[in-house]
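Structure, as structure tokens:
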Amino acid sequence: MINLNKHRIDFGKGDVGIGVIGNTTDSAQLAFYNQSARPIHILKNPDQNPGFEPMEFKEEPFIMSFSNPESIDAVISILQRAKYINFTSKNEPQKTE
Numbered sequence: 029m030i031n032l033n034k035h036r037i038d039f040g041k042g043d044v045g046i047g048v049i050g051n052t053t054d055s056a057q058l059a060f061y062n063q064s065a066r067p068i069h070i071l072k073n074p075d076q077n078p079g080f081e082p083m084e085f086k087e088e089p090f091i092m093s094f095s096n097p098e099s100i101d102a103v104i105s106i107l108q109r110a111k112y113i114n115f116t117s118k119n120e121p122q123k124t125e
């Protein structure tokens with residue numbers, strides 16, 4: 029759920045929609061918006077069309093704008109690190125010396 033008053037977006041229940049809203053030569057823009065809870069959908073390929081209905085905003089969406097592809101890579105890399113720390117590394121067997 030997106031709560032802009034608390035400067036917070038909580039992911040995990042399928043109630044935050046994410047969509048590409050701009051892909052000009054100057055920037056790529058992502059919109060994060062509240063939606064009714066639904067199964068979480070993951071794109072397998074970058075050229076895959078999500079196949080969802082058009083985005084409808086009941087309130088102003090949170091926008092991330094990228095003018096440099098390395099900035100997108102930086103966000104992806106830190107998300108992968110967070111995923112590893114919080115979900116993967118805890119499930120790995122601990123090494124004993």
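Anchor point for the sequence shown: position 21 equals 49 in the working numbering, and the numbering is continuous, going up by one each time.
Glycine is no exception: its CB is placed at the ideal position from the N, C-alpha and C atoms.
1. From which residue to which residue does the beta strand (DSSP E) around Ile91 run?
2. Assuming Gln108 is part of the alpha helix (DSSP H), what are its boundary residues?
3. In three-state DSSP terms, what is Asn62?
4. Is it buried or exposed, Tyr112, if we count other Cβ atoms within 10 angstroms and call 16 or more buried?
Per the coordinate set shown:
1. 90-94
2. 97-111
3. strand
4. exposed
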